[in-house]
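Undergrad:
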Amino acid sequence: MIHETAIIDPSAKIAKDVTIGPYSIIGPEVEIGNGCHIASHVVIQGPTKLGQNNQIYQFSSIGEIPQDKKYDGEATLLEIGDNNVIRESVTINRGTVQGGGVTKIGNDNWIMAYVHIAHDCIVGNKNTFANNATLAGHVLIDDHVILGGFTLVSQFNAMASYSFSAMGSVISRNVPPYVLVSGHMAKPFGVNVEGLKRHQFSDKQIKNIRQAYKLTYRSGLKVEQASQAIQELQQEQTELSLYTDFLSRQQGGIIR
């Protein structure tokens, strides 16, 4: 059902079973897939593509132009996958040409009120962003990441899968998989053990991940040396491949 006060651009492609609430605005070049629910007072600008079964709550701004002075009206894109919950007053901007032209959100993410996701961010699947978490431009979030309330991630940094930030964390370097960080500026505080237990990691796997953490942070080794030592372990400990893959591709240094 589309409320009579909603404003829908004629070029927008809206699946038949989408609901759009009062006073929402759907701009040109917007595609909304089956089963999506758009609450009242939502603005979606294009080019933006939404997959299926997304819920977008009131006063959110989705697909607006990037907050980047280099932006000059280019037709960049926002892509959002399936089954995402986007709560009140969330802002998600499109990409820039300089950053690849696309901001992308995966599937099954829980994005709470007042979260901001800036231009050219790439967000994976099954992440939780608590209220007021903010991603600057060009941030990469892998899968199963939890951002505590008021977490700030600065531009061009990454948080790898199963990492966790405590509330109020300010993150200015890359965060490896499985690592818990906290503080302003954020520092590592061990392995995200509770999160790993919730995802059915065994005691042995958690022990192996803790060993990788100690090699990275408590052995006195440089990052390259720690990565090499962990690679020697991962043949029998496959959960560590996520760790070494991240260390090999990260740029700009990891959080220390």
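Per the numbering used here, the very first residue in the sequence shown carries number 1098; after that it's consecutive. Virtual Cβ for every residue (Gly too), placed ideally from N, Cα, C.
Excluding the 5 residues flanking residue 1313 on each side, which residues of the same chain have their C-beta closer than 6 Å to its C-beta?
TA: Counting only Cβ-Cβ distances below 6 Å, and skipping sequence neighbours, we find 1323.
Undergrad: Run through the segment 1262 to 1350 for me and flag every whole beta strand (DSSP E) of 3 or more residues, listed as ranges in chain order.
TA: Runs found: 1276 to 1280, 1283 to 1288.
Undergrad: Excluding the five sequence neighbours on either side, which residues of its own chain have a C-beta within less than 6 Å of the C-beta of residue 1343, listed in chain order?
TA: Excluding positions up to five away in sequence, the list reads 1257, 1273, 1274.
Undergrad: Quick check: the Cα distance between residue 1335 and residue 1124, rounded to an integer number of angstroms?
TA: Their backbone Cα atoms lie some 46 Å apart in a straight line.
Undergrad: Buried or exposed: residue 1191, going by 16 or more other Cβ atoms within 10 Å of its Cβ?
TA: It counts as buried.
Undergrad: Mind checking who residue 1209 pairs with in its DSSP beta bridge?
TA: None; residue 1209 has no bridge partner.
Undergrad: Cβ of residue 1235 within 8 Å of Cβ of residue 1198?
TA: No, these two residues do not count as a Cβ contact at 8 Å.
Undergrad: Under the rule that 16 or more other beta-carbon atoms within 10 Å means buried, what is residue 1144, buried or exposed?
TA: Buried, by the Cβ-count rule.
Undergrad: Can you tell which of 1216, 1253, 1184, 1347 has its C-alpha closest to the C-alpha of residue 1225?
TA: Taking only the C-alpha atoms, the option nearest residue 1225 is 1184.
Undergrad: Between residue 1135 and residue 1121, how many whole angstroms is the CB-CB distance? I'm expecting something under 8 Å.
TA: Yes, they are in contact, since the Cβ atoms of residue 1135 and residue 1121 sit about 5 Å apart, within 8 Å.
Undergrad: With the cut-off set at 8 Å, would you say residue 1193 and residue 1214 are in Cβ contact?
TA: Cβ atoms of residue 1193 and residue 1214: not closer than 8 Å.
Undergrad: Considering just the uninterrupted stretch of the beta strand (DSSP E) at residue 1160, what are its terminal residues?
TA: Looking at the DSSP string, the run of the beta strand (DSSP E) that includes residue 1160 is 1158 to 1161.
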